[in-house]
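Enquirer: Chains as they are written, first to last, in the numbering used here: chain A, 1 to 155; chain B, 1001 to 1155. Ideal Cβ placement from N, Cα and C applies to all residues, glycine included. Since this is a predicted model, take the numbers as computed values, not measurements.
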DNA sequence: TATACTTTAGTCAAAGAAGGTCAAAAGAGG
DNA sequence: CCTCTTTTGACCTTCTTTGACTAAAGTATA
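Spelled out as structure tokens, the structure:
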């Protein structure tokens, strides 16, 4: 294989395959040591090869006992639909349109009624007490990250 | 488990689970001895993992026969518990405290894992791209309306 | 009872231990 | 050459551990 990043990618994927639950937890410094590279190279590998879009979820903790945890998530069949919704949203989103989208997600069985209500509450102009046009931008941001969560959360 | 603080947290939670009334009373120095750490580490563990936001109450006494008593806050009824959380939130809310509250709601079966992730996404500082201190105020507002929704939504 | 001593627990800040970010330098391919 | 990807390292942020100092409560004593 050509370069260090590819080798590390391969290695991490092997670890994932070996682990039963499709989850692997590493010490950044330890892996860096093992492959004789700088620790931040791990961040590069993760950022370019283990993103949400690639079907992985990454969590980490700093400080004593810190770690990086990579989880493979099988993105369910709704992914095209949700990607489509993300496209619709763009940089700003009115409350009305937001409600339409939430309604659509509910009807398409991507969220439950309660989840829909929670999302609507988070996107309500009462909660988002800032001026237009920032409010609509903020609403878009929030809904986009919520959709990402839905995309990469197994039921 | 990774570090001393996590181990002690785990230990205390086991004690709590074992105790009938969800109350546990410890001798700080004794626990420190048991885990071979300095006594003040117990204070750190308590301050970071057994706060009100986490759903615990802590009392203590110094001097001879001193103790630290940790009580898991009784979630009498769902509505009382949620009212209690709303009290904790106040006019502004850090991301950390927000996560503690979401964690507590999950542990108290008020929300599901997915709902928790959705809420966290909505409250994340990445989504809430405005400056402090407004961001913390906004986060408080959003979580308050979400809690209201949970309060008034039948499962 | 007032005072001194002992036994606990609390506070706080410094040091230590991870991981994160970002941009410059280096390399690879077209 | 030009562009895109990879490598590197300086600097940053977060979380944990440690210990010196402080505060409070009980106990013995004048």
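(1) Between residue 115 of chain A and chain B, is there a C-beta pair that is closer than 8 Å?
(2) Please report the residue range of the beta strand (DSSP E) in which residue 57 of chain A lies.
(3) Compare the C-alpha of residue 132 of chain A against each of A/94, A/26, A/106 and name the closest.
(4) Go through its chain and collect everything with a Cβ distance to residue 1160 of chain B's Cβ below 6 Å, but skip five positions before and after it.
(5) Flag residue 65 of chain A as yes if its beta-carbon sits less than 8 Å from any beta-carbon of chain B, otherwise no.
(6) Whose C-beta lies closer than 7 Å to the C-beta of residue 79 of chain A among residues of the same chain, with five residues either side of it excluded?
(7) Quick one, which residues of the stretch 1132–1151 of chain B are near chain A if we go by CB-CB under 9 Å, in chain order?
(8) With a threshold of 7 Å (Cβ to nearest heavy atom), would residue 59 of chain A be considered close to the ligand PLP?
(9) For residue 146 of chain A, which option in B/1101, B/1136, B/1123 has the closest C-alpha, if you only look at C-alpha atoms?
(10) For chain A, is any of its Cβ atoms less than 8 Å away from the one on residue 1098 of chain B?
(11) Taking Cβ positions only, does residue 48 of chain A come closer than 8 Å to chain B?
(12) Excluding five sequence neighbours on each side, which residues of the same chain lie with their C-beta closer than 7 Å to the C-beta of residue 1045 of chain B?
(13) What are the boundary residues of the alpha helix (DSSP H) that includes residue 149 of chain A?
(14) Could you tell me whether any Cβ in chain A is nearer than 8 Å to the Cβ of residue 1126 of chain B?
(15) Can a CB atom of chain B be found closer than 8 Å to the CB of residue 153 of chain A?
(16) Mind listing the chain B neighbours of residue 105 of chain A? Cutoff is C-beta to C-beta under 9 Å, in chain order.
(17) Tell me, which residues are paired with residue 1069 of chain B by DSSP?
(18) What residues from the stretch 1049–1063 of chain B come within 9 Å of chain A, judged by C-beta to C-beta, listed N to C?
(19) What's the C-alpha gap between residue 1053 of chain B and residue 1143 of chain B?
(20) Taking C-beta pairs closer than 7 Å, name the residues in chain B that residue 122 of chain A reaches, listed in chain order.
(21) Using the Cβ count rule (16 or more neighbours within 10 Å means buried), how would you classify residue 50 of chain A?
(22) Measure the CB-CB distance between residue 129 of chain A and residue 1086 of chain B and report whether it falls below 8 Å.
(23) Give me the subset of the stretch 1015–1047 of chain B whose CB atoms are less than 7 Å from a CB atom of chain A, sorted by chain position.
(24) Can you give the Cα-Cα distance for residue 1031 of chain B and residue 1077 of chain B, rounded to whole angstroms?
(25) Could you check the C-alpha separation between residue 1064 of chain B and residue 1099 of chain B for me, to the nearest Å?
(26) Interface residues of chain B around residue 119 of chain A at Cβ under 7 Å?
(27) If you draw a straight line from the alpha carbon of residue 1018 of chain B to that of residue 91 of chain A, how long is it in whole angstroms?
(28) Checking 8 Å against the spacing of the C-beta atoms, do residue 1115 of chain B and residue 118 of chain A come in under that value?
(29) With DSSP run on the structure shown, which of helix, strand or coil describes residue 1129 of chain B?
(30) For residue 1056 of chain B, which residues of its own chain have a beta-carbon under 7 Å away from its beta-carbon, when the five flanking residues on both sides are left out?
(31) May I have the straight-line CA-CA distance separating residue 1153 of chain B from residue 1139 of chain B, to the nearest angstrom?
(32) What span of residues does the alpha helix (DSSP H) with residue 1040 of chain B cover, start to end?
Expert: Reading it off the structure:
(1) Here the question's residue 115 of chain A lines up with position 115 in the first chain. So, interface residue.
(2) As a working note, residue 57 of chain A is residue 57 in the first chain. 56–61 is the span of the beta strand (DSSP E), which, as asked, contains residue 57 of chain A.
(3) For the purposes of this step, residue 132 of chain A is taken as residue 132 along the first chain, with counting starting at 1. Of A/94, A/26, A/106, the residue nearest in Cα terms is A/94.
(4) The displayed coordinates of chain B run from 1001 to 1155. Any statement about residue 1160 of chain B would go beyond what the structure contains.
(5) As a first step, residue 65 of chain A must be located in the first chain, where it is residue number 65. So, interface residue.
(6) In the first chain, residue 79 of chain A corresponds to position 79, counting from 1. Here the set comprises 151.
(7) 1134, 1137, 1138, 1141, 1142, 1143, 1144, 1145, 1146, 1147, 1148, 1149, 1150
(8) As for the ligand PLP, it is missing from this structure, which has no ligand bound.
(9) Within the first chain, the letter at position 146 stands for residue 146 of chain A. Answer by Cα proximity: B/1123.
(10) For the purposes of this step, residue 1098 of chain B is taken as residue 98 along the second chain, with counting starting at 1. Chain A contact via Cβ: absent.
(11) In the first chain, the residue the question calls residue 48 of chain A occupies position 48. For residue 48 of chain A, the answer is no, since every Cβ of chain B falls outside 8 Å of its Cβ.
(12) Here residue 1045 of chain B corresponds to residue number 45 of the second chain, with the count starting at 1. Closer than 7 Å at Cβ, skipping near neighbours: 1005, 1008, 1009.
(13) Your numbering for residue 149 of chain A matches position 149 in the first chain. First-last of the alpha helix (DSSP H) with residue 149 of chain A: 134–151.
(14) Locating residue 1126 of chain B in the second chain gives position 126, counting from the first residue. At least one chain A Cβ lies under 8 Å of residue 1126 of chain B.
(15) One-based indexing of the first chain puts residue 153 of chain A at position 153. It does; some Cβ of chain B falls within 8 Å.
(16) Along the first chain, one-based indexing puts residue 105 of chain A at 105. Chain B residues near residue 105 of chain A: none, gap ~11 Å exceeds 9 Å.
(17) Indexing the second chain from 1 puts residue 1069 of chain B at position 69. Answer by DSSP bridge pairing, in chain order: B/1025, B/1059.
(18) none
(19) The residue labelled residue 1053 of chain B in the question sits at position 53 within the second chain. The residue labelled residue 1143 of chain B in the question sits at position 143 within the second chain. Taking the straight line from one Cα to the other gives about 13 Å.
(20) Position 122 of the first chain, counted from the start, is the residue given in the question as residue 122 of chain A. Correct list: 1122, 1142, 1146.
(21) Translated into the one-based positions of the first chain, residue 50 of chain A becomes position 50. The residue is buried, with at least 16 neighbouring Cβ atoms inside 10 Å.
(22) Here the question's residue 129 of chain A lines up with position 129 in the first chain. Here the question's residue 1086 of chain B lines up with position 86 in the second chain. Their beta carbons are not under 8 Å apart, which means residue 129 of chain A does not touch residue 1086 of chain B by this criterion.
(23) none
(24) To locate residue 1031 of chain B, count along the second chain from 1; it is residue 31. To locate residue 1077 of chain B, count along the second chain from 1; it is residue 77. Computed Cα separation, rounded: 33 Å.
(25) By 1-based counting over the second chain, the position of residue 1064 of chain B is 64. By 1-based counting over the second chain, the position of residue 1099 of chain B is 99. So the two alpha carbons sit approximately 37 Å from each other.
(26) On the first chain, residue 119 of chain A is found 119 positions in, with the first residue counted as 1. The contacting residues are 1118.
(27) Locating residue 1018 of chain B in the second chain gives position 18, counting from the first residue. Locating residue 91 of chain A in the first chain gives position 91, counting from the first residue. Looking at the two C-alpha atoms, the distance is approximately 51 Å.
(28) Residue numbering aside, residue 1115 of chain B sits at position 115 when the second chain is read from its first letter. Residue numbering aside, residue 118 of chain A sits at position 118 when the first chain is read from its first letter. Yes; because the gap between Cβ atoms is below 8 Å, this pair is in contact.
(29) Your numbering for residue 1129 of chain B matches position 129 in the second chain. Three-state result, residue 1129 of chain B: coil.
(30) Residue mapping note: residue 1056 of chain B aligns to position 56 of the second chain, counting from 1. So the qualifying residues of the chain are 1050, 1070, 1071, 1072, 1073.
(31) Taking the second chain and counting its residues from 1, the one referred to as residue 1153 of chain B is at position 153. Taking the second chain and counting its residues from 1, the one referred to as residue 1139 of chain B is at position 139. The alpha-carbon atoms of residue 1153 of chain B and residue 1139 of chain B are separated by roughly 21 Å.
(32) Translated into positions along the second chain, residue 1040 of chain B becomes position 40. Here the alpha helix (DSSP H) through residue 1040 of chain B covers 1040–1049.
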